[in-house]
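Residue numbers (this note's numbering), protein chains in the order written: chain P, 1 to 115; chain Y, 116 to 228.
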């Protein structure tokens, strides 16, 4: 009964390839996020979707394209992978509570290594 | 605009000693503050959060944090460290309703036997 799940857990690929990471949440939340955590553990938001609508789109190369087929899923597709894309990518979800304050629930992360 | 500063990228304590992890924030609106913990090779989990009301907030695993508006701080404490507390800790701030959650750079807690 995993709350937020991501696949794959590990992804090793060559520069220039295209890859996708999938995320699913079974919490019934309306909002989902993608974060990138670099080697220094710095956590930066990339995208946020609310009810399948894009609400946050940070300064991210357009090689990164999120897709939300329904509010329980938010996938991340990356074209033309570069060495600098190597990082841990976390999916998260939240439900806006009283006063609009959200606790975010994180997936286990996808460790991407670009060679 | 909002930001979070965590003082000390690494903190080392002995088992049984006090844990103090520092977090200062800036926010243009009343802040909502969070502490998350990340164990090795795992995602982040919520430890505690401050929304409104009581400024001393208790969380899981014996942790607590106090919101001090005058000092713009939200430091995390635990009276007695346990080996299992060794992890990365993130402070975060949001303005709620449409504001992004901004995470600090993280503090790695080491616990020595």
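Each residue gets a CB set at the ideal place from its N, CA and C atoms; glycine is no exception.
> What distance in whole Å lies between the Cβ atoms of residue 22 of chain P and residue 6 of chain P, which are believed to be in contact at a cut-off of 8 angstroms?
Replying inline: Here residue 6 of chain P refers to the residue found at position 6 of the first chain. Here residue 22 of chain P refers to the residue found at position 22 of the first chain. The Cβ separation is near 7 angstroms, so the contact holds.
> Which residues in the same chain have their Cβ closer than 8 angstroms to the Cβ of residue 143 of chain Y, if we skip the five residues on either side of it in sequence?
Replying inline: On the second chain, position 28 is the one that residue 143 of chain Y refers to. These residues qualify, in order along the chain: 116, 117 and 210.
>> Below 7 angstroms on C-beta distance, what does residue 21 of chain P contact in chain Y?
In response: If you number the first chain from 1, residue 21 of chain P lands on position 21. Ordered by position in chain Y, no residue passes the 7 angstroms Cβ test against residue 21 of chain P, which lies about 13 angstroms from the chain.
> In chain order, what residues of the same chain have a beta carbon less than 7 angstroms from the beta carbon of residue 189 of chain Y, not counting five sequence neighbours either side?
Replying inline: Your numbering for residue 189 of chain Y matches position 74 in the second chain. Within the same chain, Cβ atoms closer than 7 angstroms to the Cβ of residue 189 of chain Y are found at 138, 140, 148, 165, 180, 182 and 206, the five residues on either side in sequence being excluded.
> Are residue 114 of chain P and residue 46 of chain P touching if we call contact CB-CB under 8 angstroms?
Replying inline: Numbered from 1 along the first chain, position 114 holds the residue referred to as residue 114 of chain P. Numbered from 1 along the first chain, position 46 holds the residue referred to as residue 46 of chain P. If you check the CB distance, residue 114 of chain P and residue 46 of chain P do not come in under 8 angstroms.
> Can you tell which of Y:219, Y:150, Y:197 and Y:145 has its C-alpha closest to the C-alpha of residue 172 of chain Y?
Replying inline: As a position in the second chain, residue 172 of chain Y is number 57, starting the count at 1. Checking every option, the nearest Cα to that of residue 172 of chain Y belongs to Y:150.
> Does any C-beta atom of chain P lie closer than 8 angstroms to the C-beta of residue 164 of chain Y?
Replying inline: The residue labelled residue 164 of chain Y in the question sits at position 49 within the second chain. Output row for residue 164 of chain Y: interface = yes.
> Of all the CB atoms in chain Y, is at least one closer than 8 angstroms to the CB of residue 47 of chain P?
Replying inline: By one-based count along the first chain, residue 47 of chain P stands at place 47. No, residue 47 of chain P lies away from the interface with chain Y (no Cβ there is under 8 angstroms from its Cβ).
>> Please state the DSSP three-state secondary structure of residue 32 of chain P.
In response: Here residue 32 of chain P refers to the residue found at position 32 of the first chain. Residue state, collapsed to three classes: strand.
>> So with CB distances below 7 angstroms, who are the chain Y contacts of residue 108 of chain P?
In response: Within the first chain, numbered from 1, the residue matching residue 108 of chain P stands at position 108. Within chain Y, the residues whose beta carbon sits less than 7 angstroms from that of residue 108 of chain P are 157 and 158, listed in sequence order.
> Is it true that the segment 70-90 of chain P meets the segment 21-38 of chain P, where meeting means three or more beta-carbon pairs spaced less than 8 angstroms apart?
Replying inline: Contact check between the segment 70-90 of chain P and the segment 21-38 of chain P: three or more CB pairs, one atom from each, fall below 8 angstroms, which counts as touching.
>> Within 8 angstroms of any Cβ in chain Y, is that where the Cβ of residue 36 of chain P sits?
In response: Translated into positions along the first chain, residue 36 of chain P becomes position 36. Answer no: the Cβ-Cβ gap between residue 36 of chain P and chain Y never drops below 8 angstroms.
> What span of residues does the beta strand (DSSP E) with residue 46 of chain P cover, start to end?
Replying inline: Working through the first chain from its first residue, we reach residue 46 of chain P at position 46. Counted as a single uninterrupted DSSP element, the beta strand (DSSP E) harbouring residue 46 of chain P occupies residues 43-50.
> Excluding sequence positions up to five away, which residues of its chain have a Cβ less than 8 angstroms from the Cβ of residue 221 of chain Y?
Replying inline: Start at 1 with the first residue of the second chain, and residue 221 of chain Y comes out as number 106. Within the same chain, residue 221 of chain Y has close Cβ partners 121, 124, 153, 203, 204 and 205.
>> For a quick check, are the C-beta atoms of residue 104 of chain P and residue 92 of chain P less than 8 angstroms apart?
In response: Working through the first chain from its first residue, we reach residue 104 of chain P at position 104. Working through the first chain from its first residue, we reach residue 92 of chain P at position 92. One thing to note: residue 104 of chain P has its Cβ within 8 angstroms of the Cβ of residue 92 of chain P.
>> Quick check on residue 78 of chain P: buried or exposed, where buried means 16 or more other Cβ atoms within 10 Å of its Cβ?
In response: Reading the first chain from its first residue, position 78 is the one you call residue 78 of chain P. Residue 78 of chain P is classed as buried because its beta carbon has at least 16 other beta carbons within 10 Å across all chains shown.
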